[in-house]
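A quick write-up on the structure given underneath.
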Amino acid sequence: MITVHKLEKHYGEGAQRVLALTPTDFNVGPGEFVSLVGPSGCGKTTCLFMLAGLEQPSAGTIRVNGVTVHGPGKDRGMVFQNYTLYPWLTVRENIRFSQTLRANRTNRGVDDSVEYRINILLHLMGLEDFADALPRQLSGGMQQRVAIARALLPKPEVLLMDEPFGALDAQTREEMQELLLQINRVERTTTIFVTHDVEEAIYLSNRVLVFSPRPGAIIADVNIPFGAERTSDLKVEPAFIGLKQTVKQLLNKHGQRNRLSQLDRLTQSSVGKAKVKFI
Amino acid sequence: MSTPKLALTAMKVEQPPVAYAARRPDIDIGKPYHSVWRIRQTLPRRVHLSLAAAGFITAFLAWWITSFSGHFDPIFVPSPDVVAQTAIGLLQESTLWSDIATSFMRVIIGFVVSAIIAIPIGLFVGTFRPVEALVQPFTEFVRYIPVPALIPILMVLFGIGETPKWMLIFVGTYFQLVLMVADEVRRIPLPLVQVAQTLGASSSEIVHRVLWRAAMPGIFDALRLCHGWAWTYVVVAELVAANEGLGFRILKFSRFLQTPKIWVYLILLGMIGLALDIAFRRVNARLFRWADTTRR
């Protein structure tokens, strides 16, 4: 389905050259939900932007269904971290946007099947009552639901999500996770989901790819053995907590430990009593 | 316990604020919630209008006192009532109305032509880097040439008819407008463009369905600012060479030392500008309800 081969990214040239992503390989199967987790600046978002075709890889290839990615395309829908709705369009018009583009327009008239699908998505997202509202009248969580519906409308092969719930409060975030699970059961769209929240990644995914700090590299490919039917109760089960610990340890081993031990030394020398405990 | 003295006690929105600052000066250094002096505090419309009126009244009083103080020759500083009488007289003459019409027409032609050319060019400057590289440095260069300095050249090129006046307004607004429009376009968040790309939009669709739409309220605001300069340049052009129009009439009045009439025309120019500014704002708010114009 998706084949990433020796994908590499660096910024700048000469002395300013910074390696953002070391050569990376991974595959994603059809219908899979894969999360990329890692600390800030680890290259996970860069990786996603390259999958979307919005950033050019420095080396390596990305294939979606055997076709090499050379730029953005309607086969790969994207949901961004910040609210990206078109403020002059209503919720319904925002969702319909892709179908009004030349690339997707089949006939000039109103396509009933498109309207039918928009209604289904509005219903799925719980947005029926806000179909004619403008984005500025919606809360952040609702705006993100519209953005997801807009990305799903043209039935993309892959849905790419860049920390879509990062700007939301904890409660809305959990509601959105439930919603996303529900959508997955209905739509079964292959999804690549970038987050720095380990719990969120495990809860939503079939697989979690763990990134090391910059220069980013995949340090673990964690299989999540829970089925498609998940409820929030899962988050307190021992198996889930165990997985969470495993992933957090992986992240700590490669990242925070160094910085934390530095902090430890600093506080010991200046204050002399504060001690940083490792998880 | 003394309540803190507020300069604008009459303008407080609701109840007088609890004098928290007075009770605990050690912890609260902010203004009370209802103080109009809180940074970015909104002002009730009534208060806003009264203060705006007070601004006009202050200036009027200063003028009135100056003219009656006897320090100045009434030929140079005529009293408000003389100006008012002159205004009544002028309003009944057709000259004033034809002057307004002439100047208005020049502004409209010069400014509309300028906007029609500057908006698409600005849109492309803000969108495509090669266009930016080609157009922007030269535009910045011309922008710094004082426009009145171009009058001799414009007269040599276009004579003394209407064309040099239109050209002066055009030159005075076009280069500013291109840069302002380009800035508005550049200000549009990149993700709005990227979303369209991932949904299958072509470049031309992104330009006219995303960038143009998103920049419209800002461009409209740029027009509002720029049209003010159009009024400046029409008067400049008319002061140099014209046989009608508001600027020309002011120059003529000055030759005959008819200062009250000059004052009438100056006030008129200010009123026209203010009225058009308000009209632009109203239309902007009406056309672009989706944009949060209150935050601009």
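Just so you know, the sequences run in chain order B and L. Mapped onto the working numbering, the consecutive letters of the first sequence carry residue numbers 209 to 487. Mapped onto the working numbering, the consecutive letters of the second sequence carry residue numbers 927 to 1222. In this text, a Cβ means the ideal position worked out from N, Cα and C, and glycines have one as well. Because the structure is a prediction, the values reported are computed rather than measured.
Query	Result
Interface partners of Leu-1137/L on chain B, CB under 9 Å	Simply none; closest approach about 11 Å.
Cβ neighbour criterion (16 or more within 10 Å) applied to Trp-1092/L	buried
CB contact check: Ser-1129/L to chain B, cutoff 9 Å	no
When Ala-436/B, Ser-306/B, Ala-341/B and Asn-235/B are compared against Gln-390/B, the one with the closest alpha-carbon	Ala-436/B
Closer than 9 Å to chain C by CB, Ala-1140/L	Among the protein chains of the structure shown, namely B and L, there is no chain C.
Same chain, Cβ closer than 8 Å to Pro-362/B, neighbours up to 5 away in sequence not counted	Lys-282, Gly-285, Ser-306, Gln-307 and Asn-312
Within-9 Å CB hit, Thr-292/B to chain L	yes
Whole-number beta carbon distance between Glu-1088/L and Arg-1032/L, since they are thought to touch under 8 Å	7 Å
Distance between beta carbons of Leu-215/B and Pro-265/B, contact taken as under 8 Å	5 Å
DSSP state of Ala-1059/L mapped onto helix, strand, coil	helix
Collapsed DSSP secondary structure at Lys-282/B in the structure displayed	coil
is_contact[Ala-260/B, chain L] using C-beta, thresh 9 Å	yes
Range covered by the beta strand (DSSP E) that runs through Leu-417/B	415-419
Per DSSP, the bridge partner or partners of Leu-227/B	His-218/B
Leu-332/B versus Lys-456/B, Ala-341/B, Arg-393/B and Leu-412/B, residue with shortest Cα-Cα distance	Arg-393/B
Under 9 Å from the C-beta of Pro-362/B: neighbouring residues of chain L	Leu-1125 and Gly-1126
CB contact check: Leu-434/B to chain L, cutoff 9 Å	According to the sequence shown, residue 434/B is Phe rather than Leu. No - not a single Cβ of chain L is within 9 Å of the one on Phe-434/B.
Of the listed residues Phe-241/B, Tyr-291/B, Leu-335/B and Met-350/B, nearest to Val-366/B (C-alpha basis)	Phe-241/B
C-alpha distance - Glu-408/B paired with Leu-293/B, whole-angstrom precision	24 Å
Any non-hydrogen atom of the ligand COA closer than 8 Å to Ala-985/L Cβ	No copy of the ligand COA appears in this structure; indeed no ligand is present at all.
Secondary structure of Ala-1013/L, DSSP reduced to three states	helix
Assigned secondary structure, Thr-968/L (DSSP; H/G/I helix, E/B strand, else coil)	coil
Gly-261/B beta carbon less than 9 Å from that of Thr-232/B	no
Contact belief for Leu-1195/L with Leu-1172/L at Cβ below 8 Å, rounded distance in angstroms	6 Å
Below-9 Å beta-carbon distance, Phe-1146/L vs any chain B residue	no
Within chain B, partners of Leu-1118/L - CB distance below 8 Å	Thr-292 and Tyr-294
For Gly-1126/L and Leu-309/B, the rounded distance between their alpha carbons	7 Å
Endpoints, beta strand (DSSP E) assigned at Ala-428/B	426-431
Outcome for Val-321/B when other beta-carbon atoms lying within 10 angstroms are tallied against a minimum of 16	Note on identity: in this sequence residue 321/B is Ser, with Val being the wrong assignment. When all chains shown are included, Ser-321/B counts as exposed.
Identified DSSP bridge partners for Thr-403/B	Val-245/B
Val-277/B - DSSP class collapsed to helix/strand/coil	coil
Of the listed residues Gly-251/B, Trp-296/B and Asp-370/B, nearest to Asp-340/B (C-alpha basis)	Trp-296/B
Closer than 9 Å to chain L by CB, Gly-374/B	no
Delimiting residues of the beta strand (DSSP E) encompassing Met-369/B	366-370
Host beta strand (DSSP E) of Gly-268/B (start-end)	267-272
Neighbouring residues, chain B, relative to Val-1107/L (Cβ below 8 Å)	Within 8 Å Cβ-Cβ: nothing; Val-1107/L doesn't reach chain B, min ~18 Å.
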